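Undergrad: Protein sequences appear in the order of chains A and B. Taking the working numbering, the leading residue of the first sequence gets -17, the next gets one more, and so forth. Taking the working numbering, the leading residue of the second sequence gets -17, the next gets one more, and so forth.
Protein chains: 2
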Amino acid sequence: MRARDEQKENAIRHEAMKAVVQKGLDGLSMQKLAVAANVSPATIYIYFKDREDLIMQLCITESERMVTATLKDFDPEMPFGKGLKLQWKNRLNYWMKNPLEAQFLELVRNSQYGEKVSKMTKREFSAAMRKFVLGAIERKEMISLPAEVYWSIAFSPLYTLIRFHISGKGFHPEKKYKLDDAQVNKAFSLVLKALTP
Amino acid sequence: MRARDEQKENAIRHEAMKAVVQKGLDGLSMQKLAVAANVSPATIYIYFKDREDLIMQLCITESERMVTATLKDFDPEMPFGKGLKLQWKNRLNYWMKNPLEAQFLELVRNSQYGEKVSKMTKREFSAAMRKFVLGAIERKEMISLPAEVYWSIAFSPLYTLIRFHISGKGFHPEKKYKLDDAQVNKAFSLVLKALTP
DNA sequence: TATAAGTGAATGAACATTCATTTATATTTG
DNA sequence: CAAATATAAATGAATGTTCATTCACTTATA
Chain A
-17 MRARDEQKEN
-7 AIRHEAMKAV
3 VQKGLDGLSM
13 QKLAVAANVS
23 PATIYIYFKD
33 REDLIMQLCI
43 TESERMVTAT
53 LKDFDPEMPF
63 GKGLKLQWKN
73 RLNYWMKNPL
83 EAQFLELVRN
93 SQYGEKVSKM
103 TKREFSAAMR
113 KFVLGAIERK
123 EMISLPAEVY
133 WSIAFSPLYT
143 LIRFHISGKG
153 FHPEKKYKLD
163 DAQVNKAFSL
173 VLKALTP
Chain B
-17 MRARDEQKEN
-7 AIRHEAMKAV
3 VQKGLDGLSM
13 QKLAVAANVS
23 PATIYIYFKD
33 REDLIMQLCI
43 TESERMVTAT
53 LKDFDPEMPF
63 GKGLKLQWKN
73 RLNYWMKNPL
83 EAQFLELVRN
93 SQYGEKVSKM
103 TKREFSAAMR
113 KFVLGAIERK
123 EMISLPAEVY
133 WSIAFSPLYT
143 LIRFHISGKG
153 FHPEKKYKLD
163 DAQVNKAFSL
173 VLKALTP
C-alpha cells in the first residue's frame, strides 16, 4: 500500500483558504486550486468528498484550533476583569497569528454556508462562557444582562478593531490603520467600565 | 421610440438583491436572475453593462438610501448623548425597514468587491460624523479617543445586536432571538456610560 | 504482489455575454 | 387626426468559457 502524502493535503488546505480569502468563496475553483497546490484535480477528491466537503473540513479544523486558542489558560471561575482580559488577549492573539485562517472562518460564516458552520460550534466553548458570565453576575463583578447584549458590548468592539487592523483601513484614508496595544487596552478599559456595576 | 419599462428594472434590481442575500454573491446567476425577474437575459444588459456593474449600481443606490436614512434629523452640533441616540435610532430603523437591502450591502462589503464599494462612500457622511465627535470632545461631553476605538465602542454593539436579530440566532438555540427596545436602550446606556467622562 | 495514492484528459452542466430579430411607441408626415 | 417611420426596448437562441466531478490508467510502497 502507498501512504498518503501529508504535504499534499496540507498544500490543498492552505491554497484553498488563500483562494477563498483573496477571491471570495466563489473564487475557489477546484481546477485552479489543483494548479496552486501542485496536484491533479482528481487528487483533491481523494482527500475530500467534494467542494462543499472541502470547505466544511477546513471550517471544522480551524474552528477547533480557534476554540483551543481562545480557551488557553482560561478558567470559568476567574474573576471577571481578569477572565475578560484573557479572552481579549487570546482572541486577539489568534487573529494576529492566524490572519488567513481567521479571515477564512469569518468569510465562510458570513456566506451561504453560515448555517451549516454554526451547527458545528463546540458545546464545551459556550458552556465555559456561560459559566464565566453567570459566576461574575452572582459575585456582583458584572451587571446582569441578556446574553446577546453582554456579548455585543464585551466582544464586538474587539472584533471591529481587529477588522480595521486586518483591512488596514481606518478613518484616515491616507495612512494604513494599525491596531496597537495602547488602543486595545483603552477599548478594553471602556468595555470593562460599561460592564461593571 | 419605445420607453423603458421601469418595472422591469425594478424587478431586476429586487430579484438580484434577493438572490445575493439568499444564496450568496456567487448565487447571482444572470440567467436565473432573468427568469426570476421575468425578462430575457439580454434585457438585463440594456440596464446594466455587465454582472459587476449590476452589483455596483445596486450598491450605489442603496448606499445613498442608507446614508440619507442615517442622517435623518441629524445635526453635527447636537449634544453628544442626543446625537448618538439619534444615530442608533436611524441606523436601527434603516435595518428594520430594509433588511434585504441592508443585508445585501453588508454582504457585498464583506466580499471581494468590498474594496470597490468602500471607495464610493460619501464624503458628506464622514465629514458630519467627524464634526459631531470633535465637537463633543471639545465640549467635554465625550472622552477623547482614536476614531477607530470610538467607532468600535459607539456602534459595533448596535450592529452586532442587529445581526443577532436578523439571523434570529442568539445564545439560546431553542428559541428565536428578537431584539426589543429594552435591549437596545440597555446597550445604548452602557455605550454612553463607556464614552462619557 | 496487492492496494491505495495519484494522475491527465474527458464530460456535461452552468455560466456570462452577444447577436440577429421582433416589438412597441414617440415623433413626424400627409 | 391617422398613417408612416424611426428608434430603442426587448427577446430567445446561440457562443465560447469555466466549472465540478469522474474515469481509465499509472505509480509507489507496505
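Note that beta-carbon positions come from the ideal geometry of N, C-alpha and C, so glycine has one too. As the structure is a prediction and not an experimental result, all values here were calculated from the model.
(1) Tell me which residue opens and which closes the alpha helix (DSSP H) that Gln4 (chain B) is part of.
(2) Give the C-beta separation of Pro128 (chain B) and Val173 (chain B) to the nearest angstrom, bearing in mind that I take them to be a contact with Cβ-Cβ under 8 Å.
(3) At 8 Å on the CB atoms, spell out the chain A contacts of Lys175 (chain B), in chain order.
(4) For a cutoff of 7 Å on Cβ pairs, would you count Glu130 (chain B) as touching chain A?
(5) Alpha carbons only, please: which of B:Phe30, B:Ser11 and B:Leu40 is nearest the one belonging to Val99 (chain B)?
(6) Ile135 (chain A) and Trp77 (chain A) - do their beta-carbons sit closer together than 7 Å?
(7) Note down, in chain order, each residue of its chain lying with its Cβ closer than 6 Å to the Cβ of Leu7 (chain B), except the 5 sequence neighbours on either side.
(8) Rank B:Lys104, B:Ile148 and B:Arg73 by C-alpha distance to the C-alpha of Gln85 (chain B) and give the top, closest one.
(9) Kindly list, in the order they appear in chain B, the residues whose Cβ is closer than 8 Å to that of Gln(-11) (chain A).
(10) Between which two residues does the alpha helix (DSSP H) carrying Thr43 (chain B) extend?
(11) Can you list, in chain order, the residues of its chain whose CB lies under 7 Å from that of Glu34 (chain A), leaving out five sequence neighbours each side?
(12) Measure the alpha-carbon distance for Met111 (chain B) versus Glu83 (chain B) and round it to whole angstroms.
(13) For my contact list, Val166 (chain A) and Trp70 (chain A) are in at a C-beta cut-off of 8 Å; report their separation, rounded to the angstrom.
(14) Check whether the Cβ of Phe62 (chain B) lies closer than 7 Å to any Cβ atom in chain A.
(15) Going along the chain, which residues of the region 83 to 95 of chain A sit with their C-beta nearer than 9 Å to a C-beta in chain B?
(16) With a threshold of 8 Å, are at least 3 pairs of Cβ atoms found where one atom belongs to the region 152 to 162 of chain A and the other to the region -2 to 14 of chain B?
(17) Quick check: is any heavy atom of the ligand HEM less than 6 Å from the C-beta of Glu34 (chain A)?
(18) Just the C-alpha distance for His154 (chain A) and Trp133 (chain B), rounded to the nearest angstrom, thanks.
(19) Considering only residues of the region 62 to 111 of chain B, which uninterrupted alpha helix (DSSP H) runs meet the minimum length of 4 residues and lie entirely inside it, listed in chain order?
(20) State yes or no: is the beta carbon of Thr142 (chain A) nearer than 7 Å to at least one beta carbon in chain B?
(21) Let me see if you follow: with CB-CB separation under 7 Å, is Ala169 (chain B) close to chain A or not?
(22) Name, please, each residue of chain B whose Cβ falls closer than 8 Å to the Cβ of Gln165 (chain A).
(23) Please state whether DSSP places Ala16 (chain B) in a helix, a strand or coil.
(24) Which residues in the same chain have their Cβ closer than 6 Å to the Cβ of Gly152 (chain A), if we skip the five residues on either side of it in sequence?
(25) So Tyr159 (chain B) contacts chain A; which residues on that side make the cut at Cβ distance below 7 Å?
(26) Pick from B:Ser45, B:Asp(-13), B:Leu89 and B:Tyr95: whose alpha carbon is nearest that of Arg73 (chain B)?
(27) Between Phe30 (chain B) and chain A, is the shortest Cβ-Cβ distance under 7 Å, so that the two count as touching?
(28) Quick check: the Cα distance between Thr50 (chain B) and Lys104 (chain B), rounded to an integer number of angstroms?
(29) Give the residues of chain B in contact with Asp8 (chain A), contact being defined as C-beta atoms less than 8 Å apart.
(30) Is the beta carbon of Val21 (chain B) closer than 7 Å to that of Lys(-10) (chain B)?
(31) Measuring only the C-alpha atoms, how far is Met60 (chain B) from Phe114 (chain B)?
(32) How big is the Cα-Cα spacing for Arg91 (chain B) and Ala(-15) (chain A)?
(33) At the level of alpha carbons, what is the spacing between Glu88 (chain B) and Met(-17) (chain A)?
(34) Taking C-beta pairs closer than 8 Å, name the residues in chain A that Lys151 (chain B) reaches, listed in chain order.
(35) Check whether the Cβ atoms of Ile119 (chain B) and Pro179 (chain B) sit closer than 7 Å, and answer yes or no.
(36) Taking Cβ positions only, does Ile37 (chain B) come closer than 7 Å to chain A?
TA: On the basis of the supplied data:
(1) If you look at Gln4 (chain B), you'll find it in the alpha helix (DSSP H) that goes Glu(-12) to Lys5.
(2) Between Val173 (chain B) and Pro128 (chain B) the Cβ distance is about 17 Å, and since that is not below 8 Å, they are no contact.
(3) Listed along chain A, the residues sitting closer than 8 Å to Lys175 (chain B) by beta-carbon distance are Lys175 and Ala176.
(4) By the rule that beta-carbons nearer than 7 Å mark a contact, Glu130 (chain B) touches chain A.
(5) Nearest C-alpha to Val99 (chain B): B:Leu40.
(6) Contact: no.
(7) So the list reads Ser93, once near-sequence residues are dropped.
(8) Answer by Cα proximity: B:Ile148.
(9) Going along chain B, no residue has its Cβ under 8 Å from Gln(-11) (chain A), so there is no contact; the nearest lies around 29 Å.
(10) It spans Arg33 to Thr52 - the alpha helix (DSSP H) in which Thr43 (chain B) sits, taken as one unbroken run.
(11) Short of 7 Å from the beta carbon of Glu34 (chain A), and not among the five residues preceding or following it, lies no beta carbon of its own chain.
(12) Each residue's alpha carbon lies about 23 Å from the other.
(13) That pair is a contact at about 7 Å.
(14) It does not: the Cβ of Phe62 (chain B) has no partner Cβ on chain A nearer than 7 Å.
(15) Within the region 83 to 95 of chain A, the qualifying residues are Glu88, Leu89, Asn92, Ser93, Gln94 and Tyr95.
(16) The region 152 to 162 of chain A, when compared against the region -2 to 14 of chain B, does not touch it at the 8 Å Cβ threshold.
(17) Inclusion of the ligand HEM in the displayed structure is not the case, the ligand content being empty and no account of it being possible.
(18) Using only the alpha carbons, I get a separation of about 13 Å.
(19) Entirely contained in the region 62 to 111 of chain B, the alpha helix (DSSP H) runs reaching 4 residues are, in chain order, 62 to 79, 81 to 91 and 96 to 100.
(20) Taking 7 Å as the threshold, the shortest C-beta distance from Thr142 (chain A) to chain B falls below it.
(21) For Ala169 (chain B), the nearest CB of chain A lies under 7 Å from its own CB, placing it at the interface with that chain.
(22) Chain-order list of chain B residues neighbouring Gln165 (chain A): Pro128, Glu130 and Val131, by C-beta distance under 8 Å.
(23) Ala16 (chain B): helix per DSSP, three-state reduction.
(24) Cβ neighbours of Gly152 (chain A) beyond the five flanking positions: Phe146 and Tyr159.
(25) Glu130, listed in chain order.
(26) Arg73 (chain B) has its Cα closest to that of B:Ser45, out of B:Ser45, B:Asp(-13), B:Leu89 and B:Tyr95.
(27) Judged by the 7 Å Cβ criterion, Phe30 (chain B) is not in contact with chain A.
(28) If I take the Cα positions, the gap works out to 10 Å.
(29) The contacting residues are Gly6, Leu7 and Asp8.
(30) It is a contact, given that the beta carbons lie within the stated cut-off.
(31) Distance from the CA of Met60 (chain B) to the CA of Phe114 (chain B), rounded to the nearest whole angstrom, comes to 7 Å.
(32) Straight across, the Cα-Cα distance linking Arg91 (chain B) with Ala(-15) (chain A) is about 44 Å.
(33) The C-alpha of Met(-17) (chain A) is placed about 50 Å away from the C-alpha of Glu88 (chain B).
(34) By Cβ distance, chain A contributes Ser100.
(35) With respect to the 7 Å criterion, Ile119 (chain B) and Pro179 (chain B) are not classified as neighbours on the basis of their beta carbons.
(36) By this cut-off, Ile37 (chain B) is not an interface position.
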